[in-house]
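*Asks:*
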Amino acid sequence: MPKWTKEVAIGFFPVLIIFLAFTGVNIVPILIAAVLVGALLFMMQMRGGITVGAAQERKRKKKGPSKLTFEEIGGQDSAKQELREALDFLIKHEEIRKFGIRPLKGILLTGPPGTGKTLMAKAAAHYTDSIFVAASGSEFVEMYVGVGASRIRDLFKDARTRATKENKENAIIFIDEIDVIGGKREGGQQREYDQTLNQLLTEMDGIYSSDTPRILVIAATNRKEMLDSALTRPGRFDRHIQVDLPDKKGRKHILELHGVNKPLMKEVNLEKTAEESYGFSGAQLESVMNEAAIYAMRDGLLNIEQRHLSLAIDKVMMGEKTDRESSVEEKKRVAIHELGHAIMAELVRPGSVSQVALSPRGQALGYVRHNPQQEQFLYTKRFLEEQIMIALGGAAAEEMYYGGRSTGSRNDFDQATNVVQTMMASGLTSLGIVNMDMVTTEELMRENKLILQELMEQTKQLLEEQRTIFDNSLDILIREEVLSGEQFRCQFRDSALLPA
Numbered sequence: 046m047p048k049w050t051k052e053v054a055i056g057f058f059p060v061l062i063i064f065l066a067f068t069g070v071n072i073v074p075i076l077i078a079a080v081l082v083g084a085l086l087f088m089m090q091m092r093g094g095i096t097v098g099a100a101q102e103r104k105r106k107k108k109g110p111s112k113l114t115f116e117e118i119g120g121q122d123s124a125k126q127e128l129r130e131a132l133d134f135l136i137k138h139e140e141i142r143k144f145g146i147r148p149l150k151g152i153l154l155t156g157p158p159g160t161g162k163t164l165m166a167k168a169a170a171h172y173t174d175s176i177f178v179a180a181s182g183s184e185f186v187e188m189y190v191g192v193g194a195s196r197i198r199d200l201f202k203d204a205r206t207r208a209t210k211e212n213k214e215n216a217i218i219f220i221d222e223i224d225v226i227g228g229k230r231e232g233g234q235q236r237e238y239d240q241t242l243n244q245l246l247t248e249m250d251g252i253y254s255s256d257t258p259r260i261l262v263i264a265a266t267n268r269k270e271m272l273d274s275a276l277t278r279p280g281r282f283d284r285h286i287q288v289d290l291p292d293k294k295g296r297k298h299i300l301e302l303h304g305v306n307k308p309l310m311k312e313v314n315l316e317k318t319a320e321e322s323y324g325f326s327g328a329q330l331e332s333v334m335n336e337a338a339i340y341a342m343r344d345g346l347l348n349i350e351q352r353h354l355s356l357a358i359d360k361v362m363m364g365e366k367t368d369r370e371s372s373v374e375e376k377k378r379v380a381i382h383e384l385g386h387a388i389m390a391e392l393v394r395p396g397s398v399s400q401v402a403l404s405p406r407g408q409a410l411g412y413v414r415h416n417p418q419q420e421q422f423l424y425t426k427r428f429l430e431e432q433i434m435i436a437l438g439g440a441a442a443e444e445m446y447y448g449g450r451s452t453g454s455r456n457d458f459d460q461a462t463n464v465v466q467t468m469m470a471s472g473l474t475s476l477g478i479v480n481m482d483m484v485t486t487e488e489l490m491r492e493n494k495l496i497l498q499e500l501m502e503q504t505k506q507l508l509e510e511q512r513t514i515f516d517n518s519l520d521i522l523i524r525e526e527v528l529s530g531e532q533f534r535c536q537f538r539d540s541a542l543l544p545a
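Position one of the sequence shown corresponds to residue 46 (our numbering), numbered consecutively onward.
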């Protein structure tokens with residue numbers, strides 16, 4: 046309806062009502078009827094989910110994503126290869142028909158946040174030359190009954206219509222955070238989420254009632270265990286592809302991709318940065334490159350240096366430096382605590398300490414940056430015990446010098462107890478191979494206490510033997526506030542505790 050028509054109608058009806066009232070006509074029934082019609086139109090609009098925001102969102106989606114190829118996604122070689130093979134069912138549909146292979150209906154991408162699941166869905170659309178329709182699980186959550194299911198129907202209808210209009214044989218529907226609507230259904234109670242999930246299951250079952258357009262559903266979640274079994278069974282989401290955190294090679298590739306448009310110094314070693322960023326996701330690595338560029342601009346330099354990348358890693362990991370001023374005694378206690386971590390780490394894993402710092406970042410008053418020498422995905426009992434001893438090193442050092450602990454050990458104890466739980470669940474404790482649900486809380490607490498007490502005693506004993514290193518490193522750390530890994534290892538060599 047043209048804009049001027051609406052304006053004329055809005056102006057005409059009030060004038061008509063006033064005229065009828067002036068001539069003596071009873072306008073009460075007319076007003077009541079107008080209110081009822083308005084309420085009815087409003088309810089129809091809400092139940093259909095047709096809001097201005099939804100219409101604008103639909104228009105935005107119809108533009109489609111910017112073209113993205115698998116080569117532009119770093120660090121996920123195995124996941125990309127597995128996804129390509131699954132997408133070939135869309136491209137080589139004539140070949141698979143000869144072998145009597147049933148087309149795939151859905152692909153589920155699972156993995157930690159920030160690993161590139163959404164990017165892979167966009168690359169899949171480009172790889173198959175398909176229509177790409179994206180939605181988030183939260184878009185289907187409404188308090189009105191039937192709205193979520195209606196929007197699922199509209200989503201699939203939109204994909205088919207667009208594919209037909211643009212003469213495309215394939216369409217990809219991407220649903221991010223599918224666990225919002227695909228959670229396990231509870232018996233007895235009927236929820237709005239259940240109706241939305243039922244509609245999604247129905248649509249996926251009926252996808253291949255016609256040959257074209259072929260529709261593939263790609264969904265992403267980082268909580269796969271919460272999904273309903275009807276959604277994850279074969280015939281719905283046929284392929285489950287794990288998108289894990291990148292390894293060292295993958296991290297370097299991601300850093301290179303995000304460094305293409307940034308002025309890096311020739312001396313910058315991205316392989317070293319990849320080593321220092323162990324455990325980072327793709328999103329965190331992108332943030333590292335971005336923060337490094339901000340640091341370089343803040344320093345008034347034209348190029349990004351290696352130190353900017355190291356500072357960026359610290360910022361992404363722990364937050365920006367704070368302006369908190371510590372007292373001399375508190376600063377000394379923090380230094381002793383961090384040196385306890387560092388000395389313990391260097392004793393059990395030589396060469397692993399990258400830096401010891403007293404500069405406050407985020408909630409931490411100081412920190413030790415570890416530099417793992419090699420990627421490791423399988424852990425032995427001794428390795429996990431050493432990890433606990435490194436975590437307990439700070440508290441043990443405080444007990445050595447002050448005879449007691451502080452609240453600064455809280456996160457260390459959380460880390461230590463989590464490792465103990467991993468050991469118990471893996472059958473690496475005196476409990477043996479057990480089902481954790483069948484063990485009482487008292488037994489778990491007793492085993493936890495036994496392990497931590499024994500490892501704390503070992504940690505204290507080892508640290509007591511390094512008093513000289515404590516004293517020498519403490520002076521440097523309090524004076525300069527930063528102790529590099531090489532400076533730290535020099536203290537060991539000077540004490541003849543480690544070979545030169």
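By construction, the Cβ of each residue, glycine as well, lies at the ideal position given by its N, Cα and C atoms.
All of these numbers come straight from a predicted model, not from anything done at the bench.
So, using beta-carbon positions, are Asp457 and Gly439 closer together than 8 Å?
*Replies:* A contact, by the Cβ cut-off of 8 Å.
*Asks:* Which whole runs of the alpha helix (DSSP H) in the region 462-519 are 4 residues long or more, in chain order?
*Replies:* Those alpha helix (DSSP H) runs which fall completely within the region 462-519 and span 4+ residues are 486-509.
*Asks:* For the region 308-328 and the region 155-166, state whether three or more C-beta atom pairs, one from each stretch, are separated by less than 8 Å.
*Replies:* Result yes; three or more Cβ-Cβ pairs closer than 8 Å.
*Asks:* Is DSSP giving Lys229 helix, strand or coil here?
*Replies:* Lys229: coil per DSSP, three-state reduction.
*Asks:* Using the Cβ count rule (16 or more neighbours within 10 Å means buried), how would you classify Arg296?
*Replies:* With 16 or more Cβ atoms within 10 Å of its Cβ, Arg296 is classed as buried.
*Asks:* With a threshold of 8 Å on Cβ separation, who are the neighbours of Ser183 within its own chain once the five nearest residues in sequence on each side are excluded?
*Replies:* Hits under 8 Å: Glu222 and Val225.
*Asks:* Sort Ala78, Val361 and Leu154 by Cα distance to Ala124 and report the nearest one.
*Replies:* When only C-alpha atoms are compared, the closest one is Leu154.
*Asks:* When we look at the beta-carbon of Glu509 and count the other beta-carbons within 10 Å, is it buried (16 or more) or exposed?
*Replies:* It counts as exposed.
*Asks:* Give every residue of the same chain whose Cβ lies closer than 8 Å to the Cβ of Gly151, excluding the five residues on either side of it in the sequence, and list them in chain order.
*Replies:* Once the five neighbours on either side are set aside, the close Cβ partners of Gly151 are Met249, Leu261, Val262, Ile263, Ala264, Arg281, Phe282, Asp283 and Arg284.
*Asks:* How close, in whole Å, do the beta carbons of Ala470 and Met483 come, if the pair is a contact with beta carbons under 8 Å?
*Replies:* At roughly 12 Å, the Cβ-Cβ gap does not stay under 8 Å, so Ala470 and Met483 are not in contact.
*Asks:* Return the residue from the list Val464, Glu331, Lys426 and Gly193 that minimises the CA-CA distance to Leu437.
*Replies:* The shortest Cα separation from Leu437 among Val464, Glu331, Lys426 and Gly193 belongs to Val464.
*Asks:* Starting from the C-beta of Asp273, find all residues in its chain whose C-beta is less than 8 Å away, skip the five residues before and the five after it, and write them out in chain order.
*Replies:* These residues qualify, in order along the chain: Gly227, Gly228, Lys229, Arg230 and Leu242.
*Asks:* Excluding the five sequence neighbours on either side, which residues of its own chain have a C-beta within less than 7 Å of the C-beta of Glu574, listed in chain order?
*Replies:* Because the chain in this structure spans residues 46 to 545, residue 574 falls outside the shown range and cannot be described.
*Asks:* Grab me the residues of Val178's own chain with a C-beta within less than 8 Å of its C-beta, minus the 5 sequence neighbours each way, in chain order.
*Replies:* Correct list, in chain order: Lys106, Leu200, Asp203, Ala204, Arg207, Ala216, Ile217, Ile218 and Phe219.
*Asks:* Among residues of its own chain, excluding the 5 on either side of Leu246, which ones have a beta-carbon nearer than 8 Å to its beta-carbon?
*Replies:* Ala275, Leu276 and Arg281, listed in sequence order.
*Asks:* Rounded to whole angstroms, what's the CA-CA distance from Lys269 to Asp289? Just pull it up for me.
*Replies:* If you take the alpha carbons of Lys269 and Asp289, they lie about 13 Å apart.
*Asks:* Going by Cα to Cα distance, which pick from Ile299, Asn335, Asn493 and Leu410 is closest to Ser372?
*Replies:* The shortest C-alpha separation from Ser372 is found at Leu410.
*Asks:* Looking at the secondary structure, which residues open and close the alpha helix (DSSP H) in which Asn335 lies?
*Replies:* Unbroken alpha helix (DSSP H) run through Asn335: Gly327 to Arg343.
*Asks:* Taking Val393 as part of the alpha helix (DSSP H), name the residues at either end of that continuous run.
*Replies:* From DSSP, the alpha helix (DSSP H) with Val393 extends over Val373 to Val393.
*Asks:* Put Ile152 into one of helix, strand or coil per three-state DSSP.
*Replies:* Here Ile152 sits in strand by DSSP.
*Asks:* Assuming Thr173 and Leu132 make a contact with CB atoms under 8 Å, what is their CB distance in whole Å?
*Replies:* Correct: roughly 5 Å between the Cβ atoms.
*Asks:* Using alpha carbons as the reference points, say which of Arg378, Glu374 and Val401 lies closest to Ala387.
*Replies:* Comparing Cα-Cα distances from Ala387 to each of Arg378, Glu374 and Val401, the minimum goes to Val401.
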